[in-house]
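Trainee: According to our numbering, the stretch in the sequence shown is residues 6 to 368, in order.
I have a structure I would like to understand better, so I am pasting it below and will then ask my questions one at a time.
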Amino acid sequence: MIRLEPRPTASTAMIYIAPAAAILLSMAAGMGLFWALGEDPVRGIGMVFIEPLTDWFYISEISVKGTPLLLIAIGLSFGFRAGIWNIGAEGQFTVGALAGGATALALYDMEGLWVLPLMALASIAAGMAWAAIPAFLRTRLNTNEILVTLMLTYVATHILSILVHGPLKDPTGFNFPESRLFHDAATVPVLFEGARAHVGLLAAFLVVAVAWLTLRYHVFGFQMKVTGQAPRAARFAGFVQPRAVWACLLISGGLAGFAGMLEAAGPVGQLVPAIPVGYGFTAIIVAFLGRLQPLGILFASFVMALTYIGGEAAQIDMNLPNAITGVFQGMFLFLLLGIDVLTRYRVRRIPRRPAPSAALRGA
6 MIRLEPRPTA STAMIYIAPA AAILLSMAAG MGLFWALGED PVRGIGMVFI EPLTDWFYIS
66 EISVKGTPLL LIAIGLSFGF RAGIWNIGAE GQFTVGALAG GATALALYDM EGLWVLPLMA
126 LASIAAGMAW AAIPAFLRTR LNTNEILVTL MLTYVATHIL SILVHGPLKD PTGFNFPESR
186 LFHDAATVPV LFEGARAHVG LLAAFLVVAV AWLTLRYHVF GFQMKVTGQA PRAARFAGFV
246 QPRAVWACLL ISGGLAGFAG MLEAAGPVGQ LVPAIPVGYG FTAIIVAFLG RLQPLGILFA
306 SFVMALTYIG GEAAQIDMNL PNAITGVFQG MFLFLLLGID VLTRYRVRRI PRRPAPSAAL
366 RGA
């Protein structure tokens, strides 16, 4: 018989080595996957993890994919530390894109540097308002925020679809379900000519710095940690849990909404039904791969973005199914969880007791 026993103390070094180990094991498992598909394993792994880092255009694309993941994961990390599980960042991302895009369309004939900040404020407010629904239900009715945030994601997606098929549809777009292209004042400026990396990346770096300072030096960061690890101690210390629920959900909703605006006003440039592409769900993996630490999340977000770009290249060049990217991302999470179990527990083999002898059975 085999059972898991808690270790007296978990290795601090292993806690931080585990994400790197999960990435390496995912690469090894990926080689096995390519071999099973009849492809060259070394070439496949090189195409996913190495080749995108050798071209400036691909590096720019990694930053485009990594920026929304970074913003959303930073917001989620506050709640996850406190045991508040926002699984619906995808919905908050969607309503943020919708609010920012609707603002751009409402100001379509206006120019000025104030247009983009107004779009950002609208997207943040929309994301926070969408996250306020599960916050209210959790604090007043003790509703499970996991289910509420997840279900609201589908509501947000349908609202976006209804609006781009109706009021926000481009009148000159040959009846396609999409809005007008945003004008120049409503698009996010790019950092380099000929690339799609935009100033949203700089905003994401600023968010990382603020989050690191908050978690390390501010009483709010300490409150989130205590609330998650020792709820009774948090209550004795005077930390009010409903206040923590509101704060964490509003922070994560606001950052997810802001990320949605950057996506709509950046690489997409308009509102389309396909704006929600799963960043809100992938950011959950990013948050845990980064150990809920801002600097770790910064690294993890670009590793995950690398799988998007490398996976797309492998799909095209090796004629692989589009699920290959999701497979790698899933392996990251499950291998990390498996390593975490072995970090905190040890496997102990318990010998079976010998069966009683015939004489004892007769007695």
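Glycine included, every Cβ here is placed at the ideal spot set by N, Cα and C.
Look at the alpha carbon of F187 and the alpha carbon of R237, and state the distance between them as a whole number of angstroms.
Mentor: Roughly 50 Å separates the two Cα atoms.
Trainee: Is L276 closer than 8 Å to G106 when the C-beta atoms are compared?
Mentor: Yes, these two residues count as a Cβ contact at 8 Å.
Trainee: Should I3 and Y350 be called a contact, given that it needs their Cβ atoms to be closer than 8 Å?
Mentor: Because residue 3 is not part of the residues shown, which for the chain are 6 to 368, the question remains open.
Trainee: Taking Cβ positions, are A208 and G101 nearer each other than 8 Å?
Mentor: It is not a contact, given that the beta carbons lie outside the stated cut-off.
Trainee: How far does the alpha helix (DSSP H) with V282 in it reach, from first residue to last?
Mentor: Per DSSP, V282 belongs to no alpha helix (DSSP H) and is neither H nor E.
Trainee: Assuming I290 and F337 are in contact, meaning their beta carbons sit under 8 Å apart, how far apart are those beta carbons, in whole angstroms?
Mentor: That belief holds up - the Cβ atoms of I290 and F337 are roughly 6 Å apart, short of 8 Å.
Trainee: Of the residues T154, I329, P13 and S82, which one's Cα is nearest the Cα of L220?
Mentor: It is S82.
Trainee: Run through the region 82-141 for me and flag every whole alpha helix (DSSP H) of 4 or more residues, listed as ranges in chain order.
Mentor: Segments of the alpha helix (DSSP H) lying fully in the region 82-141: 94-111.
Trainee: Excluding five sequence neighbours on each side, which residues of the same chain lie with their C-beta closer than 7 Å to the C-beta of Y313?
Mentor: So the qualifying residues of the chain are K70 and T330.
Trainee: Between A125 and the rest of its own chain, which residues show a CB-CB distance below 8 Å, the 5 nearest in sequence each way excluded?
Mentor: Cβ neighbours of A125 beyond the five flanking positions: G105, F263 and M266.
Trainee: Going by the CB atoms, is the gap between L110 and V120 shorter than 8 Å?
Mentor: Taking 8 Å as the Cβ cut-off, V120 and L110 do not qualify as a contacting pair.
Trainee: For L155, collect the residues of the same chain with a Cβ closer than 6 Å to its Cβ; drop the 5 residues on either side in sequence, then sort them by chain order.
Mentor: If we look at L155 and ignore the five residues flanking it on each side, its Cβ neighbours are I92 and G93.
Trainee: Put R353 into one of helix, strand or coil per three-state DSSP.
Mentor: Strand at R353.
Trainee: Using DSSP's beta-bridge definition, name the partner residues of H203.
Mentor: Paired residue(s): V195.
Trainee: Quick one, which of V346, P356, F333 and I344 has its alpha-carbon nearest A33's?
Mentor: If we check each option's Cα against that of A33, F333 comes out closest.
Trainee: Go ahead and label V210 buried or exposed: buried means 16 or more other beta carbons lie within 10 angstroms of its beta carbon, across all protein chains shown.
Mentor: Note that residue 210 is Phe in the sequence shown, not Val. Burial call: exposed.
Trainee: Give me the residue from G335, R354 and M323 with the minimum Cα distance to I50.
Mentor: Closest by alpha carbon: M323.
Trainee: Going by DSSP, which residues form a beta bridge with P11?
Mentor: BP columns for P11 point to Y350.
Trainee: Using beta-carbon positions only, say whether L123 and T144 come within less than 8 Å of one another.
Mentor: No, the Cβ-Cβ distance between L123 and T144 is not below 8 Å.
Trainee: Taking the CB atoms as reference points, tell me whether L165 and T99 lie closer together than 8 Å.
Mentor: A contact, by the Cβ cut-off of 8 Å.
Trainee: Once the 5 residues before and after F286 are set aside, which same chain residues still bring their CB inside 7 Å of it?
Mentor: Counting only Cβ-Cβ distances below 7 Å, and skipping sequence neighbours, we find E95.
Trainee: Using 10 angstroms around the beta-carbon of T17, count the other beta-carbons present and answer buried if the total reaches 16, otherwise exposed.
Mentor: Burial call: exposed.
Trainee: Just confirm the distance between the C-beta atoms of G295 and A305, as a whole number of angstroms; I'd bet it's less than 8 Å.
Mentor: Yes, they are in contact, since the Cβ atoms of G295 and A305 sit about 4 Å apart, within 8 Å.
Trainee: List the endpoints of the continuous alpha helix (DSSP H) containing K230.
Mentor: First-last of the alpha helix (DSSP H) with K230: V224 to Q234.
Trainee: Taking 8 Å as the threshold (C-beta atoms), are P57 and G335 in contact?
Mentor: No, Cβ-Cβ distance for G335 and P57 is not below 8 Å.
Trainee: At a cut of 8 Å, does the region 225-232 reach the region 60-74 through at least three beta carbon pairs?
Mentor: No, they do not touch.
Trainee: Going by DSSP, what residue range makes up the alpha helix (DSSP H) through T148?
Mentor: Run containing T148: none; DSSP gives neither H nor E here.
Trainee: Can you name the start and end residues of the alpha helix (DSSP H) that E317 belongs to?
Mentor: Where E317 is concerned, the enclosing alpha helix (DSSP H) stretches over P299 to M323.
Trainee: Hey, how far is the Cα of P2 from the Cα of I344?
Mentor: With the chain covering 6 to 368 only, the question about residue 2 has no answer from this structure.
Trainee: Tell me which residues share the same chain as P247 and place their Cβ nearer than 6 Å to its Cβ, disregarding the 5 neighbours each side in the sequence.
Mentor: Cβ within range, chain order: T144.
Trainee: Which class does R143 belong to by DSSP, given the choice of helix, strand or coil?
Mentor: Helix.
Trainee: Measure the Cβ-Cβ separation of I28 and V308 and say whether it is below 8 Å.
Mentor: Cβ distance < 8 Å, so I28 and V308 count as in contact.
Trainee: What are the start and end residues of the alpha helix (DSSP H) that includes V273?
Mentor: Here V273 belongs to no alpha helix (DSSP H), and DSSP marks it neither H nor E.
Trainee: When burial is assigned at 16 or more other CB atoms within 10 Å of the CB, is T59 buried or exposed?
Mentor: So T59 counts as exposed.
Trainee: Among W135, L297, L218 and P11, which one has its Cα closest to the Cα of A161?
Mentor: Nearest option by C-alpha distance: W135.
Trainee: Short check: CB of G88 to CB of G233, under 8 Å?
Mentor: It is a contact, given that the beta carbons lie within the stated cut-off.
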